[in-house]
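First to last, the sequence lines map onto chains S and W. The first sequence begins at 1 in this note's numbering and counts up one residue at a time. The second sequence begins at 1 in this note's numbering and counts up one residue at a time. In this text, a Cβ means the ideal position worked out from N, Cα and C, and glycines have one as well. Worksheet: the structure to be examined is printed underneath.
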Amino acid sequence: MDHPLTDLSTVQRPIAEANGLPNAHYVDPAVFNEERQAVLFNNWSGLAVAADVPEIGDAVPLTFLDMPLLIVRDKQNSVRVFQNTCRHRGMILVDTPRKIEGAIRCPYHSWCYSTDGRLVSTPHVGGPGRNTHEGIDRALLGLVEIRSHIWMDVIWINVSGTALPFEEANADLLARWAEFDKPLYHGGADSRFQLTVNCNWKLAVENYCESYHLPWVHPGLNSYSRLEDHYHIEQPRQYSGQGTLVYRQLKDDEGRSFPDFDGLSDKWDTAAEYITAYPNVLLGVHRDHAFAIILVPETPERTTENIHLYYARPDTDTDLRARNTEQWEEVFKEDVFVVEGMQRGRHAVAFDGGRFSPAMDGPTHLFHDWVATQIETHRATARAAE
Amino acid sequence: MSALDTALIAAHAAGDGPALVRLYTQAADAAEPTDIDAACFFLTHAYVFALEQDHPEVATIRARLVAHGREPGAQSSFSPS
Chain S
1 MDHPLTDLST VQRPIAEANG LPNAHYVDPA VFNEERQAVL FNNWSGLAVA ADVPEIGDAV
61 PLTFLDMPLL IVRDKQNSVR VFQNTCRHRG MILVDTPRKI EGAIRCPYHS WCYSTDGRLV
121 STPHVGGPGR NTHEGIDRAL LGLVEIRSHI WMDVIWINVS GTALPFEEAN ADLLARWAEF
181 DKPLYHGGAD SRFQLTVNCN WKLAVENYCE SYHLPWVHPG LNSYSRLEDH YHIEQPRQYS
241 GQGTLVYRQL KDDEGRSFPD FDGLSDKWDT AAEYITAYPN VLLGVHRDHA FAIILVPETP
301 ERTTENIHLY YARPDTDTDL RARNTEQWEE VFKEDVFVVE GMQRGRHAVA FDGGRFSPAM
361 DGPTHLFHDW VATQIETHRA TARAAE
Chain W
1 MSALDTALIA AHAAGDGPAL VRLYTQAADA AEPTDIDAAC FFLTHAYVFA LEQDHPEVAT
61 IRARLVAHGR EPGAQSSFSP S
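What follows is the structure, given as structure tokens:
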């Protein structure tokens with residue numbers, strides 16, 4: 001079996017000696033496909049948010065890395081993720097978001113599935129008007145369910161089924177943010193937006209992880225959030241990001257702010273943290289709101305960012321919410337020229353992955369190191385199987 | 001073409017689920033005295049559209065198919081909820 005040959009040895013050196021991932025990891029379709037399995041399918045990737053299916057029976061089809069998936073809130077109020085394909089001839093089951101009143105009926109030969117994935121009807125499978133056949137065991141032909149988990153309202157999926165349980169794989173992050181493990185209320189239609197950027201998904205992660213760029217790319221933050229007010233968040237082989245010590249709440253004209261999450265410790269009076277839950281979810285927490293950015297890799301050089309903002313109460317002020325969304329959208333758009341510029345830079349054939357500031361780029365290097373580790377593990381497994 | 005055929009085609013075109021359940025059940029009722037296979041064909045269609053809608057007649061239609069040996073009897077194998 002052939003494997004894309006990229007040398008990752010320099011990536012995994014100590015930061016002062018390390019290079020970033022080679023260009024091929026940003027532009028080569030073969031490496032993109034390798035990372036699809038090694039990095040995204042073999043780990044817990046963010047897919048969507050539970051708020052996308054708020055009511056029982058809600059079904060949303062989507063494509064993740066070319067894979068047709070279906071998110072359903074079943075009759076027991078559990079969010080499930082299935083392959084969006086009939087077990088009969090592989091037909092796409094649901095092609096637009098809709099409410100499932102009873103069963104999911106395949107539009108081709110009308111095999112029907114319950115919202116929890118059981119195959120409940122196989123019309124004419126044994127001939128006209130004969131709906132059973134000894135060769136068709138319905139109990140073995142339910143929808144293929146993708147392993148999933150909800151945390152911070154994000155629907156995380158492990159397509160390979162081989163990752164550690166979510167709570168184990170992310171135990172340190174869950175412990176770090178245990179104070180935010182409480183109901184998060186999606187702000188609704190005004191609190192979600194989408195950006196499509198012409199870059200590999202990893203560049204969005206790399207930029208998000210570090211505060212080094214803030215004074216240059218987000219100069220508006222300098223007035224109250226200076227570079228020295230930020231700290232690195234570094235958990236090798238798990239997650240990384242940055243925090244600030246001077247988070248300032250948004251206030252309306254009467255000086256009112258969003259309500260705080262209950263029970264937060266004093267640290268959060270002025271702190272906020274921004275962490276990438278590897279591989280593809282960018283999370284932010286503050287005393288009064290949180291956000292999740294799910295990076296959906298579309299091609300090696302194009303990524304969709306789905307952004308969702310959450311609050312401590314379901315009834316926050318509409319105008320203030322809109323201002324908060326606008327403020328974050330402006331910040332995230334300020335990053336677009338950077339990630340797209342780095343993407344174009346990956347076509348410079350002599351670029352060697354670049355170097356890292358040993359003082360400022362630790363969180364970004366940790367992400368490179370983690371990606372390299374996932375790929376090396378995947379390659380080693382493939383070689384062992386040959 | 002019978003009036004029932006015409007009504008069925010219209011119901012399909014309109015995506016009218018309740019009408020599809022009702023009309024296919026009518027077709028089954030008409031066929032049942034003389035042709036069990038034809039009746040079960042129509043009942044199967046009524047059943048599928050009833051399942052899709054969580055229609056109140058789903059259990060009744062299913063019971064008729066079970067009685068003719070066209071659906072398995074175990075309750076747990078059909079409930080869409």
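Nearest CB-CB separation between T44(W) and chain S: below the 8 Å threshold.
Considering only beta carbons, the part of the stretch 118-135 of chain S lying closer than 7 Å to chain W consists of V120, S121, P123, H124, P128, G129, R130, N131, T132, in chain order. For chain W, the residues of the stretch 96-107 of chain S that bring a beta carbon within less than 7 Å of one of its beta carbons are E101, G102, A103, R105, in chain order.
For the C-beta of L51(W), the chain S residues within less than 8 Å are, from N- to C-terminus, G102, A103, R105, C112, V120, S121. For R73(S), no alpha helix (DSSP H) segment is defined; the enclosing uninterrupted segment is the beta strand (DSSP E) at 67-73.
Within the same chain, H124 come within 8 Å of R130(S) by CB-CB distance, once the 5 residues on both sides are set aside. Under the Cβ distance rule, Y47(W) counts among the residues neighbouring chain S, one pair being separated by less than 8 Å.
Interface criterion not met: the Cβ of E32(W) is under 8 Å from no Cβ in chain S. Between the stretch 351-367 of chain S and the stretch 249-261 of chain S there are fewer than three C-beta pairs closer than 8 Å, too few to call the two in contact. Residues of the stretch 58-77 of chain W that bring their beta carbon within less than 7 Å of a beta carbon in chain S comprise L65, R70, E71, P72, S77, in sequence order. Straight across, the Cα-Cα distance linking R118(S) with L141(S) is about 8 Å. Under the three-state reduction of DSSP output, T96(S) falls in the coil class, being neither helix nor strand. Secondary structure note for D58(S): its beta strand (DSSP E) is the uninterrupted segment 58-64. With fewer than 16 other Cβ atoms from the protein chains shown falling within 10 Å of its own Cβ, A59(W) counts as exposed. Counting only residues of its own chain and dropping the five nearest sequence neighbours on each side, H378(S) has a CB closer than 6 Å to the CB of A38. DSSP lists W156(S) as the beta-bridge partner residues of G46(S). Sequence-distant Cβ neighbours of L227(S) in its own chain, meaning closer than 7 Å and more than five residues away, are S211, L214, P215.
Taking a 10 Å sphere around the C-beta of K99(S), we find fewer than 16 other C-beta atoms and assign the residue as exposed. Cβ atoms of A103(S) and E52(W) come within 8 Å of each other, at about 5 Å. By DSSP's assignment, G241(S) forms a beta bridge with I233(S), I275(S). In the DSSP assignment, H149(S) is bridged to W156(S). According to DSSP, residue pairing for R105(S) in a beta bridge involves C112(S). It is roughly 34 Å from the alpha-carbon of V72(S) to the alpha-carbon of D28(S). Here G135(S) carries a coil assignment [DSSP, helix/strand/coil]. At a cut-off of 8 Å between beta-carbon atoms, D16(W) makes no contact with chain S.
Under the three-state reduction of DSSP, N198(S) is assigned to coil, being neither helix nor strand.
Boundaries of the beta strand (DSSP E) around H289(S): 289-299.
For D37(W), the C-beta contacts it makes with chain S under 7 Å involve P128, G129, in order along the chain. Sequence-distant partners of I375(S) (beyond 5 residues in either direction) whose C-beta falls short of 6 Å from its own C-beta, in its chain, are A38.
Put simply, the CB of D54(W) is near chain S, with a gap under 8 Å to one of its CB atoms. Per DSSP, the unbroken beta strand (DSSP E) holding V281(S) starts and ends at 281-285. Where Y310(S) is concerned, the enclosing beta strand (DSSP E) starts and stops at 302-311. Residue pairing by DSSP places F193(S) opposite I307(S) in a beta bridge. Per DSSP, the continuous beta strand (DSSP E) segment holding L119(S) begins and ends at 119-121. By a beta-carbon distance limit of 8 Å, L69(S) does not contact I150(S). Their separation comes to about 15 Å. Just measuring C-alpha positions, the residue of H25(S), H186(S), R138(S), L184(S) sitting nearest C199(S) is H25(S).
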